[in-house]
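S.K.:
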Amino acid sequence: AYKDLSGPWKELLRYYQRKEDIRIKYTQIIQQFNPLNMVKPEIIDLHPEKLLLPEREIHGNNVRYTEDGLYFSIDGASFKITLDRHYAAVGLGNSGKDEFGFLISRLVIPTSGSITIGDLKMEEIPESITGKRLGYVGAGAYMFNGTVYDNLCYALKHQPVKNEASEQDKKLEHERMLARLAGNTSDRYDDEWIDPGSIGLENPNQLVTRIIEILECVELDEDIYRYGLLSFVDQSENLNLIDRVMEAREQLRNKFQEPEIARLVEPFDQEKYNLNMTVSENLLFGTVYDEAINAEQLIDNPVINKVLQQFGLDDEFLKAGEKIAEIMLDLFSDVEPGSELFEQFSFISADDLPEFNQLLQVIRKSGLENLDPGARNRLISLPFKLIVARHRLGLITEPIQQNILEARKRIHEIAATENLGIEFFDESLYNPRISVQDNILFGKLAYGQAHAQQKLNALIADVVAGLDLRNEIIEAGLKYDVGVAGGRLSTLQRQKLAVARALLKMPDLLVINQALAGLDPASERRLIEKVRTVMQDRGIVWVLGRVQLAEPFDVVMVMEGGKILDTGSFAEMKDNNAHFQHLLASE
58 AYKDLSGPWK
68 ELLRYYQRKE
78 DIRIKYTQII
88 QQFNPLNMVK
98 PEIIDLHPEK
108 LLLPEREIHG
118 NNVRYTEDGL
128 YFSIDGASFK
138 ITLDRHYAAV
148 GLGNSGKDEF
158 GFLISRLVIP
168 TSGSITIGDL
178 KMEEIPESIT
188 GKRLGYVGAG
198 AYMFNGTVYD
208 NLCYALKHQP
218 VKNEASEQDK
228 KLEHERMLAR
238 LAGNTSDRYD
248 DEWIDPGSIG
258 LENPNQLVTR
268 IIEILECVEL
278 DEDIYRYGLL
288 SFVDQSENLN
298 LIDRVMEARE
308 QLRNKFQEPE
318 IARLVEPFDQ
328 EKYNLNMTVS
338 ENLLFGTVYD
348 EAINAEQLID
358 NPVINKVLQQ
368 FGLDDEFLKA
378 GEKIAEIMLD
388 LFSDVEPGSE
398 LFEQFSFISA
408 DDLPEFNQLL
418 QVIRKSGLEN
428 LDPGARNRLI
438 SLPFKLIVAR
448 HRLGLITEPI
458 QQNILEARKR
468 IHEIAATENL
478 GIEFFDESLY
488 NPRISVQDNI
498 LFGKLAYGQA
508 HAQQKLNALI
518 ADVVAGLDLR
528 NEIIEAGLKY
538 DVGVAGGRLS
548 TLQRQKLAVA
558 RALLKMPDLL
568 VINQALAGLD
578 PASERRLIEK
588 VRTVMQDRGI
598 VWVLGRVQLA
608 EPFDVVMVME
618 GGKILDTGSF
628 AEMKDNNAHF
638 QHLLASE
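Take 58 as the starting number for the sequence shown in this note's numbering and just add one per residue.
1. From ARG589 to GLN511, what does the alpha carbon distance come to, in whole angstroms?
2. According to DSSP, is TYR346 part of a helix, a strand, or is it coil?
3. Would you list, in sequence order, the uninterrupted beta strand (DSSP E) runs of no fewer than 3 residues that lie entirely inside the stretch 184-224?
4. For the beta strand (DSSP E) containing PRO253, list its first residue and its last residue.
5. Bridge partners for GLU617 per DSSP, in chain order?
6. Return the chain-ordered ranges of every beta strand (DSSP E) run that is complete within the stretch 273-356 and spans a minimum of 3 residues.
7. For ASP372, which option in THR335, ALA407, SER438 and GLU397 has the closest C-alpha, if you only look at C-alpha atoms?
8. In this structure, does DSSP put GLU480 in helix, strand or coil?
9. What residue range is occupied by the uninterrupted beta strand (DSSP E) comprising GLY117?
10. So, using beta-carbon positions, are ARG156 and SER130 closer together than 8 angstroms?
11. With 16 other CB atoms within 10 Å as the buried threshold, where does GLU302 fall?
12. Less than 7 angstroms between C-beta atoms, sequence neighbours within five positions excluded: which residues of the same chain meet that for ARG551?
13. Keeping to the same chain, check which residues put their C-beta closer than 8 angstroms to that of ASN634; ignore five residues upstream and five downstream.
14. Where do the N-terminal and C-terminal ends of the alpha helix (DSSP H) with ASN633 fall, by residue?
15. Let me confirm a value: ILE86 is counted as buried when at least 16 other C-beta atoms fall within 10 Å, else exposed. Which label applies?
16. How many angstroms separate the CA atom of GLU259 from the CA atom of PRO253?
17. Tell me the DSSP secondary structure of THR173 in three-state form.
18. Do you know how far the Cα of PHE325 is from the Cα of SER580?
19. How would you call MET95, buried or exposed, if buried means at least 16 neighbouring beta carbons within 10 angstroms?
20. Suppose you measure from the CA of ASN528 to the CA of ASP565; what does that come to, to the nearest Å?
21. On the DSSP letters alone, give me the boundaries of the alpha helix (DSSP H) that THR548 sits inside.
22. Using 10 angstroms around the beta-carbon of LYS536, count the other beta-carbons present and answer buried if the total reaches 16, otherwise exposed.
23. Decide if the stretch 160-176 is in contact with the stretch 101-121; the criterion is three or more beta carbon pairs, one per stretch, under 8 angstroms apart.
24. Please state the DSSP three-state secondary structure of GLY395.
25. Are there three or more Cβ pairs, one per stretch, closer than 8 angstroms when the stretch 442-458 is compared with the stretch 472-486?
26. With distances taken Cα to Cα, identify the nearest neighbour of ILE144 among LEU641, GLU608, GLY619 and LYS631.
27. Taking contact to mean at least 3 C-beta pairs separated by less than 8 angstroms, is the stretch 399-416 in contact with the stretch 367-386?
28. Taking three-plus beta-carbon pairs below 8 angstroms as touching, is the stretch 327-344 in contact with the stretch 412-429?
29. How about LEU526 and ALA352: do their beta carbons lie closer than 8 angstroms?
30. Pick helix, strand or coil for GLY596, following the three-state DSSP scheme.
31. Throw me the rounded Cβ distance for the LEU554 and LEU277 pair, which I believe falls under 8 angstroms.
32. Which one or two residues does DSSP pair with ASN241 in a beta bridge?
33. Could you give the distance in angstroms between the alpha-carbon of ARG34 and the alpha-carbon of LYS501?
34. Can you give me the Cβ contacts of PHE368 inside the same chain, cut-off strictly under 6 angstroms, excluding the 5 residues immediately before and after it?
35. Ignoring anything shorter than 4 residues or poking outside the stretch 373-438, list the alpha helix (DSSP H) runs there in chain order.
36. What does the Cβ neighbour count give for VAL205, buried or exposed, with the cut at 16 atoms within 10 Å?
Below, the structure is given as structure tokens:
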């Protein structure tokens, strides 16, 4: 029918065909990415001036919830929650208590029925309000890549903190406008997002104090304190902490004068050979930060090699290396290659034993003086691992120790004019290449002393407490990197950190959904009391796995089959509710 049409009409028909084809495809795409029950854009985008909940009560009326349209995990639940009381939700695993926690914190929306705060349904309240006023911690809390501090303060990152506009900021306003028009964010990468003012604090120092209080509440302060002791502090960032650490070092040094303590540790002394350090550690007497220096292959470094030759240590180490190789072959020739003994006691790996055996045979035939440079260096490297107090082989004699001290001085002299990549130990200076704990101790743990590490830890803790230094060390520990998804933390540490994060933002209602169920009953009960103290005059809904733990709560909600069977005090439920009595008896 169209073949006899003129060219312009055919072109017009092709245009309409393409237009309708594009319209249909567009409609299909929109339908695909716009399923039913999508959250309204204004709920996400709206930012009211006052971020407050409309009322202090939450009402649930015949609430039902299902994920598949078949099984209702919440089936006709009605309730009232007052935001100044503490509620415990108990029941069997299929009672719907977990889903109840999701609904109360608005992680999911009721399939039917309603949850209201004042005149507003829960799903109609802007997320800027619920995100700030409601807190939720589940059993599988998520941690972000970053530090402990980053994860804690995530709860305070609602929007960039706008300070007084500077002239530079005013100049950037045009760029911000262009970014908005282009659909990009107008926020700058260096905007400050953490807002202490959102929880009534004035500055970051007050925020750190508040964080430490919360960490003590969830019993995570000791772990973060330990991370602080093991942290490396940049002198340019925290001069005050550096000064306090040096003061702690001085006090600890004074305690080393006591005989009982003196045998636990051998302090670093530039004029003495440290019997509890390896030969290489004694020679360098510092921390290596340049990859060009390998502590176990110092002979390969031209500067160190020259110093060893200058003081005749290369020949001494060559002889000692020969004896070490003989002893190791004698002791470990019959030991299985995969044995832990190699890692704990041997200077030579199982794979290298045959090579050293051949090397010794060459020595017996031709003598040490005829070794090729590679074999010679391998033998010279063996004594670098020796610790006099531990190995007691009698190879590093006092004359050799004195030569090592002379070589140490020469290395330090060279370092004055040439960067060797070594941060030397100096009693009067803080060493940024070792941890806070090592800077306080500034010595080496004595070998063979029972429980020496525990005793020294207690001693350091006493010194830190006496100087009121603990909080500053905890602050340093807040910079500990938790790893990918918190992988460097234990499961319980992640859960405690998640509870601390929720407490920090001071929500009107905190929902804890079996977040601490991994703790033993005594520890969980203790943390419940501490969290309730912090949340005094604010609401808690705690979904419990152990019914006995509901005793201190104001109201106990007994759930079964997606319904709230009864509410009341623990004593009332224990005396009058048969289902609650059955739950208690089954524990």
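For every residue, glycine included, the Cβ atom is placed at its ideal position computed from N, Cα and C.
Source: prediction; values computed, not measured.
M.R.: On the basis of the data shown:
1. 34 angstroms
2. coil
3. 191-194
4. Careful: PRO253 lies outside any beta strand (DSSP E) and carries neither H nor E.
5. Under the DSSP definition of a beta bridge, GLU617 partners with LYS620.
6. Listed in chain order, the beta strand (DSSP E) runs fully inside the stretch 273-356 are 322-324 and 343-345, counting runs of at least 3 residues.
7. SER438
8. strand
9. 114-123
10. Note that residue 156 is Glu in the sequence shown, not Arg. Yes. Within cutoff.
11. At residue 302 the sequence reads Val, which differs from the Glu that was named. Buried, since its Cβ has 16 or more Cβ neighbours within 10 Å.
12. ALA198, MET200 and GLY543
13. VAL615, LEU622, ASP623 and GLY625
14. 627-633
15. exposed
16. 6 angstroms
17. strand
18. 41 angstroms
19. exposed
20. 28 angstroms
21. Annotation for THR548: the continuous alpha helix (DSSP H) segment containing it runs 548-561.
22. For LYS536, the number of other beta carbons within 10 angstroms of its own is at least 16, and it is reported as buried.
23. In this structure the stretch 160-176 lies against the stretch 101-121, because at least three pairs of beta carbons, one per stretch, are closer than 8 angstroms.
24. coil
25. Cβ pair count under 8 angstroms is below three, so no.
26. The displayed chain sequence assigns Tyr, not Ile, to residue 144. Out of LEU641, GLU608, GLY619 and LYS631, GLU608 has the C-alpha closest to the C-alpha of TYR144.
27. yes
28. no
29. no
30. Of the three classes helix, strand and coil, the one that applies to GLY596 here is strand, per DSSP.
31. 6 angstroms
32. In the DSSP output, where bridge partners are listed per residue, ASN241 has none listed.
33. A question about residue 34 goes unanswered here, because the residues of the chain that appear run from 58 up to 644.
34. Only ASN460, GLU463 and ALA464 meet the Cβ criterion.
35. Here the runs fully enclosed are 397-402, 410-423 and 430-438.
36. buried
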